[in-house]
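Residue numbers (this note's numbering): 9 to 240.
A virtual CB, placed ideally from N, CA and C, is assigned to each residue, including glycine.
Predicted model only: the values in this text are computed from it and were never measured.
What follows is a single structure, written as structure tokens, with notes after it.
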């Protein structure tokens, strides 16, 4: 059975979960048809600030950007930095494209598919920031290999972040929190957890915007946790 296949997201070589939801509105479909091709990550070749933006600006990478609220906020906050966002969900990409258009944000590139395929093409030691915000927790034990926080992906994160770069992980699921802390504890040779007191992981970090998902989580009584790790 596929559910019991060994490995993790770097070895399973497939995406789980839905890729589209409700039918797009006409304006959203036009964004997919016209704007997305203009700012899409190239299908082949190296993914660097030079190839994407033509200069050596600091590079950020977000895995699973949802509706793109955080990605757009950070890109607007840091216009001289470059941002790469990957999201397989069509409706989320359409919404993110609206943020890019309205900005207008010229420092964003998007990929509507598997983030790890793109991340592998980023030169080692290139990323300043890597964001993994509210990933699917896959709470059942037999699905643990589907979690993005696993040894294979974390090794990849470490390779792509520059020394002093930062990995930010957010979750409101206690199982995923416990799992993440356990996995990251096995990677203390590569990452330092930037938490000295409870508020360091209970309060959002600087430059944070509460997304619609985050607001919904709080309304429903779930506490978000914010984990920051510095690449050694």
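- Cβ atoms of residue 191 and residue 162 come within 8 Å of each other, at about 6 Å.
- Apart from sequence neighbours up to five positions away, the residues of its chain that approach residue 30 with a beta-carbon distance below 8 Å are 99, ordered along the chain.
- Beyond the five residues adjoining it in sequence on each side, residue 36 comes within less than 6 Å, by CB distance, of 102 in the same chain, given in chain order.
- Bridge pairing for residue 119: 94 [DSSP].
- In summary, residue 223 is exposed, with fewer than 16 beta-carbon neighbours lying within 10 Å of its beta-carbon over all protein chains present.
- Straight across, the Cα-Cα distance linking residue 214 with residue 174 is about 13 Å.
- Buried is the label assigned to residue 90, since at least 16 other Cβ atoms lie within 10 Å of its Cβ.
- Look at the beta carbons and you see the segment 163 to 183 not touching the segment 103 to 121: under three pairs across the two are nearer than 8 Å.
- When the five nearest sequence neighbours on each side are left out, the beta carbons in the same chain lying within less than 6 Å of the beta carbon of residue 83 are those of 91, 113, 115 and 116, in order along the chain.
- For residue 17, the enclosing alpha helix (DSSP H) starts and ends at 17 to 20.
- Per the C-alpha coordinates, the member of 107, 236, 46 and 45 positioned closest to residue 77 is 107.
- Straight-line measurement puts the Cα of residue 144 at about 11 Å from the Cα of residue 183.
- The beta carbon of residue 132 is closer than 8 Å to those of 167 and 168 in its chain, skipping five residues each way along the sequence.
- Under the three-state reduction of DSSP, residue 104 is assigned to helix.
- By the Cβ-count criterion, residue 228 is exposed, with fewer than 16 other Cβ atoms from all chains shown falling within 10 Å of its own Cβ.
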